Each structure stands twice: as structure tokens, then as C-alpha cells.
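Numbering (this note's numbering), first residue to last: 31 to 168.
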């Protein structure tokens, strides 16, 4: 069984990618609520809150991945393929051993960090995403 699926494919087999430190914690952090609908009428004391059910806001997620290649050349090929997939924008992530939830994310390209080993066969890369609708995990 694949450890991590990205856009429906085994991330390790396709890109040499695995989950990095804190990956599951970041992925499963609860979402914030949108601001409440209020009426701050100057003629009334305090603020009135609408009697609506609060809604979930989009959330920002930063995930740490590791990329591994058997040789420097293999590493570069896998890294480029992984980056190309990210640059398409839409990324769906599923961790089968952790349940059926599929996280539908938008790659933002902000706050990216990259650290490679001296052999040029392994790296850690962080990537930032937006999850437009955290209630849609199907």
C-alpha cells in the first residue's frame, strides 16, 4: 500500500516523495471559522450576531516533503517532476493508512524552503497550500 498519494498516484514511486516531519499534524490541523455576521448599530448597545450557523473558512497549510533519488541524476528528474506537478496548481493529497480523506489543495508557491544533502540525492522541501473548502474531503 502506498504511504502517500498525490493526485491519485504513489508519491514515492512517481516522485521519490515521502511525508516529512509534522506532515500529518499540519494536514489535520482544524480549520478556522469565518467571521460572524454582525450588526454594530450605533443606536443599540453592544453588537448583534446573526442567528446563522458558523461556516468554515479556507485554511493555509505548509507541508514538509522529502525527495529521494538513487543517483544525483535520478534525484534531479524526480525533483523536476514533483515541481512540475506542483506548478499545475491543483494538488489532491491522501494518506491511505490514515483514512479515506482526500485534501484538495491549491499550491501557492510562497514560503518554500529547500535543503539538499551533499550527495545531491535527498532533499527536504516545504510547500505552502490553500485548502479552499476544508469540509470537502471526498
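Heads up, the beta-carbon is just placed ideally off N, CA and C, and yes, glycines get one too.
Given the structure is predicted, the values throughout are model-derived calculations rather than measurements.
When only Cα atoms are considered, residue 92 and residue 103 end up about 27 Å apart. In this structure, residue 141 lies near residue 158, with their beta-carbon atoms less than 7 Å apart. Residue environment for residue 75: exposed (fewer than 16 other C-beta atoms within 10 angstroms of its C-beta). Here the region 65-74 does not lie against the region 125-145, with fewer than 3 beta-carbon pairs under 8 Å apart. Residue 79 carries a strand assignment under DSSP once its states are collapsed to helix, strand and coil. Separation of residue 137 and residue 117 (C-alpha to C-alpha, rounded to the nearest whole angstrom) is 7 Å. For the 7 Å CB-CB criterion, residue 164 and residue 61 form a contact. 134 is the residue among 63, 134, 153 whose C-alpha sits nearest the C-alpha of residue 37.
The beta carbon of residue 101 is closer than 6 Å to none in its chain, skipping five residues each way along the sequence. Cβ contact annotation for residue 49 (same chain, cutoff 6 Å, sequence separation greater than five): 34, in chain order. For residue 115, the secondary structure class from DSSP, reduced to helix, strand or coil, is helix.
No residue range can be given for residue 34, since it is assigned to no alpha helix (DSSP H) and is classified by DSSP as neither H nor E. Between residue 111 and residue 45, the gap from beta carbon to beta carbon is short of 7 Å.
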